[in-house]
Amino acid sequence: MSKNPPKNPSNNSDNTNQVAEKFPGLAAKKPAKSISVERPIHSDEKTVTETGIPRVDDEPARPSDPALEADDNDIDETVLELPPSPEQRKIKRRRALWISILSTLVLLGGGWAVLYFSPILAIEEIEHEGLDLVTESQAVERTAGLEGKPLPQVGERGVNELFENIPAVKDVTLRAEPPHGLVVNINEYQPIAMGPRGKEYVVFSEDGTELAEITSKKAQEFDLPVVASAADVTDEDVFNTITEVLGSLPDDLRDQVRAASGSSIDSIELELTSGKVVMWGNNEDAEKKAKVLEALLGLEDDEAAQISEYDVSAPDFPVTR
Numbered sequence: 003m004s005k006n007p008p009k010n011p012s013n014n015s016d017n018t019n020q021v022a023e024k025f026p027g028l029a030a031k032k033p034a035k036s037i038s039v040e041r042p043i044h045s046d047e048k049t050v051t052e053t054g055i056p057r058v059d060d061e062p063a064r065p066s067d068p069a070l071e072a073d074d075n076d077i078d079e080t081v082l083e084l085p086p087s088p089e090q091r092k093i094k095r096r097r098a099l100w101i102s103i104l105s106t107l108v109l110l111g112g113g114w115a116v117l118y119f120s121p122i123l124a125i126e127e128i129e130h131e132g133l134d135l136v137t138e139s140q141a142v143e144r145t146a147g148l149e150g151k152p153l154p155q156v157g158e159r160g161v162n163e164l165f166e167n168i169p170a171v172k173d174v175t176l177r178a179e180p181p182h183g184l185v186v187n188i189n190e191y192q193p194i195a196m197g198p199r200g201k202e203y204v205v206f207s208e209d210g211t212e213l214a215e216i217t218s219k220k221a222q223e224f225d226l227p228v229v230a231s232a233a234d235v236t237d238e239d240v241f242n243t244i245t246e247v248l249g250s251l252p253d254d255l256r257d258q259v260r261a262a263s264g265s266s267i268d269s270i271e272l273e274l275t276s277g278k279v280v281m282w283g284n285n286e287d288a289e290k291k292a293k294v295l296e297a298l299l300g301l302e303d304d305e306a307a308q309i310s311e312y313d314v315s316a317p318d319f320p321v322t323r
């Protein structure tokens with residue numbers, strides 16, 4: 003078996019020289035050197051491989067556009083809102099209205115609280131109106147405790163309680179005159195008659211209630227019929243009938259009555275300012291009796307001059323004497 007002869011290094015060199023002589027350009031080229039460059043992972047420079055070609059997987063990401071990123075964020079986070087339904091709008095308006103009302107009430111309440119407790123509106127002057135049977139001293143005595151109180155703290159109910167033990171007072175109304183004035187208007191019961199009691203006169207209402215006791219001098223200022231007899235005053239039934247009769251008279255007719263008396267509930271008599279007498283009887287048919295009496299009083303002077311007494315106790319059959 004033949005063996006391959008060992009290679010002679012000189013033969014390789016000779017072959018190379020032969021190639022160089024035949025192709026001169028190849029002899030000038032030198033073998034490429036192996037290059038390996040490492041860079042940080044996040045470096046913008048390309049990583050070069052041993053072959054000098056950048057790696058595709060090591061290529062850094064292209065710079066991003068902020069505007070595009072913002073658009074992407076908007077798209078991701080934007081929620082499409084539907085318009086509110088009519089019911090939702092109604093609820094929203096109602097809520098806004100209540101908030102406005104409550105805010106106003108809070109402001110008003112705060113302002114009222116300041117005025118309610120503040121001495122800015124303290125009462126310094128009290129004026130009384132409507133005094134007739136009630137004296138000024140009585141009114142001043144009842145309202146003295148109101149001085150110094152703020153006007154908002156004074157109410158009609160409380161002031162009426164101050165006068166509740168005065169029979170002549172029907173009710174009391176108030177009128178504020180800021181900053182420090184208060185007007186107390188006293189409404190009295192209408193007096194119908196008065197009767198003598200010693201040197202004084204007692205004033206009575208329509209239902210026979212004793213309203214006040216006045217002096218004889220003041221009694222002259224009242225154009226009221228006088229219950230002439232002391233017995234009429236002490237007899238409750240007779241007295242009540244007298245006051246009922248007087249209370250049923252029209253104002254213009256009652257103004258012509260000077261006195262009233264009666265020995266019983268069926269025999270009430272009225273004395274007129276002209277001196278003539280009216281036989282009234284009991285308290286029934288008061289309206290009809292009053293119309294008949296007015297007609298008789300309207301007679302001509304010649305006829306009226308001959309009359310001294312009018313009897314209307316039976317209004318369908320009046321009698322004059």
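For the working numbering, add 2 to where a residue sits in the sequence shown, where the first one is 1. The C-beta atom is built at its ideal place from N, Cα and C for all residues, glycine as well. Only a predicted model underlies this, so the values are computations on that prediction, with no experimental measurement involved.
- Approximately 49 Å separates the beta-carbon atoms of Ile-125 and Lys-92; this is outside 8 Å, ruling out the contact.
- For Ile-122, the CB contacts under 7 Å within the same chain, skipping 5 residues up- and downstream, are Pro-181 in chain order.
- Between the segment 167-178 and the segment 194-204 there are fewer than three inter-stretch CB-CB distances shorter than 8 Å, so the stretches are not counted as touching.
- For Arg-144, the number of other beta carbons within 10 angstroms of its own is at least 16, and it is reported as buried.
- Between Leu-184 and Leu-153, the alpha-carbon positions lie close to 8 Å from each other.
- Within a 10 Å sphere around the beta-carbon of Ala-307 sit fewer than 16 other beta-carbons, which makes this residue exposed.
- Contact annotation: Leu-274 and Gln-258 have beta-carbon atoms nearer than 8 Å.
- Between Gly-283 and Ser-263, the C-beta gap is not smaller than 8 Å, which leaves the two residues out of contact.
- DSSP, reduced to helix, strand and coil, places Gly-160 within a helical segment of the structure shown.
- Residue ranges of uninterrupted alpha helix (DSSP H) with 4 or more members, entirely inside the segment 148-213 and ordered along the chain, are 158-164.
- In this structure, DSSP gives Leu-272 an extended state, which the three-state scheme calls strand.
- For Pro-227, the number of other beta carbons within 10 angstroms of its own is at least 16, and it is reported as buried.
- Under the DSSP assignment, Ser-250 falls in the alpha helix (DSSP H) whose first and last residues are 238-250.
- Selection Asn-285, Asn-189, Leu-133 evaluated against Glu-158 yields Asn-189 as nearest (Cα-Cα).
- Of Gln-140, Ser-265, Gly-200, the smallest CA-CA separation from Val-240 is found for Ser-265.
- Under DSSP, Ala-124 shares a beta bridge with Pro-152.
- Look at Ser-263 here: in three-state DSSP terms it is strand.
- Around Val-314, the same chain offers Lys-291, Val-294, Leu-295, Pro-320 as residues with beta carbons nearer than 6 Å, after the five sequence neighbours per side are excluded.
- Annotated as proximal: Gly-210 and Asn-242, with beta-carbon spacing under 8 Å.
- For Val-142, there is no enclosing beta strand (DSSP E); the enclosing alpha helix (DSSP H) covers residues 138-145.
- Between Pro-317 and Ile-267, the alpha-carbon positions lie close to 17 Å from each other.
- For Glu-286, the three-state secondary structure derived from DSSP is coil.
- The C-beta distance from Arg-323 to Glu-305 rounds to 13 Å, too long to fall under 8 Å, and the pair is not in contact.
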